[in-house]
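K.L.:
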Amino acid sequence: MKKYLFVLLLVSSVLANSEIQKAFLVALFTSDGKGENLQHKINTNFSYINKGEIISKVAIIGNYTKNTKVIAKLSGIEGKLVDEYILYNNLNKKAFGIELTFKHENIPNKGYFEVFVDGKLFDTKVFVK
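Each step along the sequence shown adds one to the number in numbering that gives the first Met the number 0, with nothing skipped, and position 42 is 41.
(1) How long is the line joining the alpha carbons of LYS72 and GLY96, rounded to whole angstroms?
(2) Are GLY51 and THR29 close, meaning C-beta to C-beta below 8 Å?
(3) Would ALA176 and PHE121 be called neighbours here (beta carbons separated by less than 8 Å)?
(4) When the Cα of ILE58 is compared with those of LYS119, ASN49, VAL125 and VAL114, which residue comes out closest?
(5) Check whether the segment 82-98 and the segment 39-46 touch, using three or more Cβ-Cβ pairs below 8 Å as the test.
(6) What's the gap between the Cα of ILE19 and the Cα of PRO107?
(7) So what's GLN38 in DSSP terms, helix, strand or just coil?
(8) Which residue or residues does DSSP assign as beta-bridge partners of ILE59?
(9) Reducing DSSP to helix, strand and coil, say where VAL125 ends up.
(10) Skipping 5 residues on each side, what residues in its chain have a beta carbon closer than 7 Å to that of GLY34?
(11) Beta-carbon within less than 6 Å of LYS109's beta-carbon, same chain only, minus the 5 sequence neighbours each way: which residues are those?
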């Protein structure tokens, strides 16, 4: 019985640690550096249609692992993961999330920016012009 409880607690703690709390769009940029911070916005100020390469930054808060599948779609076009940056708490120097950089090629029309983590939709509030 003790072994059963120990295994149950161990499995539940591992599953509890693998949760993603939030995933959201932080910023959008064109390849020539023009862009904007979109953390508290629902519409973009600039038009990103047919601007060539678009760079997006997505923040993942929670326990991100290499096995976590993150998909960032801009107007239905999936972005390619380019870079990862670990987010740290300045007080105790603990990692609390990660910032992912995606590259999107030539967006043909307006649409929403969507963030999927392991098949679950986390963010779709920003409309990209």
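Built from N, CA and C at the ideal position, the CB exists for glycine as well.
P.N.:
Looking at the coordinates:
(1) Indexing the sequence shown from 1 puts residue 72 at position 73. Indexing the sequence shown from 1 puts residue 96 at position 97. Near 20 Å, if we compare the C-alpha coordinates of GLY96 and LYS72.
(2) Position 52 of the sequence shown, counted from the start, is the residue given in the question as residue 51. Position 30 of the sequence shown, counted from the start, is the residue given in the question as residue 29. For the pair GLY51 and THR29, the CB atoms are nearer than the 8 Å cut-off.
(3) The first residue shown for the chain is 0 and the last is 128, placing residue 176 beyond what the model contains.
(4) In the sequence shown, the residue the question calls residue 58 occupies position 59. Per the sequence presented here, residue 58 reads as Ala, with Ile not at that position. The shortest C-alpha separation from ALA58 is found at VAL114.
(5) Contact fails: fewer than three Cβ-Cβ distances are below 8 Å.
(6) As a first step, residue 19 must be located in the sequence shown, where it is residue number 20. As a first step, residue 107 must be located in the sequence shown, where it is residue number 108. Spanning the two alpha carbons is a distance of roughly 31 Å.
(7) In the sequence shown, the residue the question calls residue 38 occupies position 39. In the structure shown, GLN38 adopts coil according to DSSP, grouped into three states.
(8) Here the question's residue 59 lines up with position 60 in the sequence shown. DSSP links ILE59 through a beta bridge to ALA22 and ILE97.
(9) Locating residue 125 in the sequence shown gives position 126, counting from the first residue. The answer is coil: DSSP assigns VAL125 none of H, G, I, E or B.
(10) In the sequence shown, counting from the first residue as 1, residue 34 sits at position 35. Within the same chain, Cβ atoms closer than 7 Å to the Cβ of GLY34 are found at ALA26, LEU27 and PHE28, the five residues on either side in sequence being excluded.
(11) By 1-based counting over the sequence shown, the position of residue 109 is 110. So the list reads LYS128, once near-sequence residues are dropped.
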